[in-house]
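For reference, the structure is listed below as structure tokens.
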């Protein structure tokens, strides 16, 4: 369904139009199949909860039309409804692989969980106010605002949802209940009666009327309602201090009271007792065991038909919005638990009340044995009871509680029994909680990076060995170190268990507490490989380095040297060696004016081998160069440092490149050796260090669009220029494009469109960097060797594709220049068949665009709101990363999403949620 959201576009008025748009090297809509491949996390807009008792799945509906399905560990799926509307009903067709949802517009949708798509839809004409699936069937009862109860059925073979001609006639109900047919109350609940083989259904109406209807005989079996409350009944106190039964009149004599029903549930296994919650906070237990006579219903009224239970004696009480009943494990209906949300006095804490009830000789002997109030983390949303594994008949249950924002806690019987037996009430600790596989909030993620690893290279082999042998423990979804996740549903991805498994992709995440985690992201279930904390001070006795726990602000990883670089808000850069046995390894602490070397003990695993603390400005950008032997560091103050990683030394540090001390926004590196360029570097199966006499350039752009070209070895300024920008625009990124396909494709379009270069630069020297000699000779040398290369400059409001030679010469002679109508904040390029072909842009409006690199023409676009229901957040661009294969990972609060753009890309194989 995701791919349907991307729309094809004609050529942009700012882009060249040509007959050769489908020429070799250009991107077309046929190359694209954007789709959501992985989603983790419960949306903050969660509003309804349901479960499949057999398949061991839970589903969470949201206010914005999404459904999150959660099964066993790392088995998750996100279903997105075409309309951004809340769900008012959500229920599984038990053990059938289908889920039924109902929107606020009364659209009934049947979802195929394996295919993750809607297979049938019915739009109901009236407002549906009650819904229930008949257990172990594909039949569903629907009650509406006019008091009508209808039946629909889903035919799995025909994949069609259809309304059946059967319905419960309102005139018959009205006649038996003694109400006027034109003013028939709306249905608020429909519950198939247990032990009736599906032949009987209880219908609850808004005005308090309760009816049992026999479907096979088409007749009313029993009626209960507000008139029955005029008889003397019994009131049981649900107070924790007043556990004894008190007897009183349910209502004043001869006064009929309209009590509106707000919730209901069966309170017995055989369907003889019904618990009903009311808007005024009362809870009534109705005895429905007496069959209705065919003629005179009124004669059967009994003072033992109903018992009232009150959680509080206050006048103002909360409506009872949720009721769930659970029998004790003794197989007896006489002892049970009742889970209640509401009914208590209005207070600051939102609680879920759990009552232990007992009636030894019928509901007239109802006693409250115990009461506890479960204080929730956030406001209550919904709850379900799921029978424990292997105890479907014994009554053991798991309590799932959904609270805002998107928190799912699990309580088992042992946990609740311990809590209820405490003399001094303490907060109840849940026996389990849904936890994101990759933490995003606790700790708070600040930056991330997605890196590809050659499966035949040494780095992949080393990481694969760690994954297969160590199996480092991580906070996988949704376990804790000591407890197993309660759900087991779905079919997990077992690809990581294959004998020839190799790590092909890593996901690096940095956090506010200074820590970094590295994950195997080859397949959807992420595996934690490394946790790089702030343990530097513990590596060498007596060493205490300030600032190691500062928030991580930049990351880069190098598969050639098996290293990761970490920059933080204090201006510190930490360098870690990830694999190997370190004998004689040292920790190098490099400061602006001094260097310390400390020996490290022999050990395996990741080790911090260098700390560069040059000045206090936050690190904005990190990029390895020359196969990992160099590391470029861009700072918020606009300065750049080039580090020699092999000798742990500083090659050069520039002054602030821009006159306004604007932060560095991006780097691009270009080698002029006989070997391939750094941008298109060879596979890492062989670690090769280029000779120091090989020429290479560092292209540096600051946010105010000051573009400097430096000699990567000496720091000499080859050229520099300020690119004119609009007042509120800034530079985002730049990419060096090489290879015959992209250059020839661009040349082909140029020849057909009679291209004339656009001059849009002002060249001037940099006063903040020392004057250099032989600049003209360097410009000529590098310019001559860059004829086959292009550079793409990306700004918030424009894109410029230029010959690399012109930029080296201090100009930006744009081949194509595109003015963007919206403010862009993030970009990335991707390849098909190892050839650069596409550009992805994210706008601050949440729009995602795909453009062809050949012409910068718009190929397709969509919206985060459309396919993920995400609104753009400030600094969201820092939580987005991508690979050059068109794979994008995004973070949005407590949600993680992975997207694949290309039709032929199948690296993200997803775990299935199937029957």
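In my numbering, the protein residues as written are 178 to 1092. Built from N, CA and C at the ideal position, the CB exists for glycine as well.
Beta-carbon spacing of residue i, residue j below 8 Å
{"i": "residue 555", "j": "residue 438", "result": "no"}
{"i": "residue 770", "j": "residue 749", "result": "no"}
{"i": "residue 667", "j": "residue 249", "result": "yes"}
{"i": "residue 1025", "j": "residue 1038", "result": "yes"}
{"i": "residue 497", "j": "residue 460", "result": "yes"}
{"i": "residue 995", "j": "residue 1023", "result": "no"}
{"i": "residue 892", "j": "residue 828", "result": "yes"}
{"i": "residue 242", "j": "residue 225", "result": "no"}
{"i": "residue 465", "j": "residue 389", "result": "yes"}
{"i": "residue 693", "j": "residue 637", "result": "no"}
{"i": "residue 1028", "j": "residue 1049", "result": "no"}
{"i": "residue 495", "j": "residue 520", "result": "yes"}
{"i": "residue 611", "j": "residue 247", "result": "yes"}
{"i": "residue 623", "j": "residue 730", "result": "yes"}
{"i": "residue 221", "j": "residue 620", "result": "no"}
Residue i, enclosing alpha helix (DSSP H) - first and last residue
{"i": "residue 348", "result": "347-354"}
{"i": "residue 1043", "result": "1041-1044"}
{"i": "residue 592", "result": "590-598"}
{"i": "residue 636", "result": "635-646"}
Distance between residue j and residue i (C-alpha atoms, nearest Å)
{"i": "residue 550", "j": "residue 530", "result": "4 Å"}
{"i": "residue 1045", "j": "residue 343", "result": "39 Å"}
{"i": "residue 1076", "j": "residue 514", "result": "45 Å"}
{"i": "residue 217", "j": "residue 686", "result": "15 Å"}
{"i": "residue 1097", "j": "residue 547", "result": "Since the displayed the chain opens at 178 and closes at 1092, residue 1097 lies outside it and no answer follows."}
{"i": "residue 264", "j": "residue 313", "result": "23 Å"}
{"i": "residue 990", "j": "residue 880", "result": "20 Å"}
{"i": "residue 449", "j": "residue 399", "result": "11 Å"}
{"i": "residue 296", "j": "residue 972", "result": "43 Å"}
{"i": "residue 773", "j": "residue 627", "result": "32 Å"}
{"i": "residue 392", "j": "residue 442", "result": "20 Å"}
{"i": "residue 1013", "j": "residue 1030", "result": "7 Å"}
{"i": "residue 874", "j": "residue 848", "result": "6 Å"}
{"i": "residue 503", "j": "residue 348", "result": "35 Å"}
{"i": "residue 1072", "j": "residue 1058", "result": "15 Å"}
{"i": "residue 1056", "j": "residue 909", "result": "15 Å"}
{"i": "residue 474", "j": "residue 299", "result": "Model confidence at residue 474 stands at a pLDDT of 42, short of 50, so the residue's coordinates are unreliable; what they give is reported in the following sentence. So the alpha carbons of these two residues sit roughly 38 Å apart."}
{"i": "residue 1080", "j": "residue 979", "result": "29 Å"}
{"i": "residue 245", "j": "residue 585", "result": "12 Å"}
{"i": "residue 776", "j": "residue 227", "result": "57 Å"}
{"i": "residue 840", "j": "residue 832", "result": "12 Å"}
{"i": "residue 985", "j": "residue 809", "result": "19 Å"}
{"i": "residue 315", "j": "residue 266", "result": "16 Å"}
N-terminal and C-terminal residue of the beta strand (DSSP E) that residue i is part of
{"i": "residue 253", "result": "253-257"}
{"i": "residue 968", "result": "967-972"}
{"i": "residue 734", "result": "729-735"}
{"i": "residue 981", "result": "Taken as a continuous stretch (DSSP letters only), residue 981 belongs to no beta strand (DSSP E), being part of the alpha helix (DSSP H) at 981-985."}
{"i": "residue 754", "result": "749-754"}
{"i": "residue 893", "result": "Run containing residue 893: none; DSSP gives neither H nor E here."}
{"i": "residue 211", "result": "209-217"}
{"i": "residue 266", "result": "264-270"}
{"i": "residue 227", "result": "223-229"}
{"i": "residue 665", "result": "Note, residue 665: premise wrong, no beta strand (DSSP E); not H, not E."}
{"i": "residue 306", "result": "305-310"}
{"i": "residue 320", "result": "316-321"}
Reference residue i, options the options, closest by Cα
{"i": "residue 844", "options": "823, 812 and 335", "result": "812"}
{"i": "residue 463", "options": "485, 628, 447 and 575", "result": "485"}
{"i": "residue 206", "options": "242, 828 and 1009", "result": "1009"}
{"i": "residue 684", "options": "662, 523, 615 and 738", "result": "615"}
{"i": "residue 645", "options": "624, 604, 501 and 706", "result": "706"}
{"i": "residue 897", "options": "891, 878 and 913", "result": "878"}
{"i": "residue 558", "options": "578, 573 and 543", "result": "578"}
{"i": "residue 345", "options": "360, 563, 395 and 330", "result": "395"}
{"i": "residue 488", "options": "663, 832, 621 and 534", "result": "534"}
For the pair the stretch 267-276 and the stretch 226-244, tell me if three or more CB-CB distances fall below 8 Å. Yes: at least three Cβ pairs fall under 8 Å.
Under 8 Å, with one C-beta from each stretch per pair, do the stretch 694-704 and the stretch 585-600 reach the 3-pair mark? No, because fewer than three Cβ pairs between the stretch 694-704 and the stretch 585-600 fall closer than 8 Å, the two stretches do not touch.
How do the stretch 802-821 and the stretch 880-892 stand: do at least 3 beta-carbon pairs fall below 8 Å, yes or no? Output reads yes: the stretch 880-892 touches the stretch 802-821.
Do the stretch 726-746 and the stretch 629-642 make contact, defined as three or more Cβ pairs closer than 8 Å? The stretch 726-746 vs the stretch 629-642: in contact.
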